[in-house]
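Sequential numbering of the sequence shown, starting at 48, is according to the numbering used here.
C-beta: ideal position from N, C-alpha, C; glycine also.
Everything numeric in this text was worked out from a predicted model, so none of it was measured.
Notes follow once the structure below has been shown.
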Amino acid sequence: IFENAGEDGAVVVSKIAENPSYTFGYNAQTGEYGDLMAQGVIDPVKVVRHALLDAASVAGLLITTEAMVAELPKKETSPPMPSGGGMDF
48 IFENAGEDGA VVVSKIAENP SYTFGYNAQT GEYGDLMAQG VIDPVKVVRH
98 ALLDAASVAG LLITTEAMVA ELPKKETSPP MPSGGGMDF
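As structure tokens, this is what we get:
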């Protein structure tokens with residue numbers, strides 16, 4: 048979200064980490080730091096829960112699967128050899 052708002056993610060995260068309040072954060076709409084609960088910026092529990100469940104489900108499938116579909120790398124062919132300039136047999 049920070050990068051989509053044109054901010055450097057590392058700078059925003061470090062400023063948020065300096066504040067001990069769990070409701071302190073960056074409001075991407077206004078570009079300000081502050082108490083997100085007081086500003087009305089909240090993530091619904093259902094959205095966060097489903098995002099975590101879906102990520103865990105995909106990770107579990109990748110770990111337990113015995114085969115995976117992947118694209119094979121294309122072999123690069125060498126260029127054709129030039130003629131021998133009259134010295135070919």
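_Within 8 angstroms, strictly: CB atoms of Val88 and Asn74_ = Going by C-beta atoms, Val88 is nearer than 8 angstroms to Asn74.
_Do Ser68 and Asp90 count as a contact pair if the criterion is CB distance below 8 angstroms?_
In this structure, Ser68 does not lie closer than 8 angstroms to Asp90 by Cβ.
*When DSSP labels each residue in this structure, what does Asp55 get in the three-state scheme?*
Of the three classes helix, strand and coil, the one that applies to Asp55 here is coil, per DSSP.
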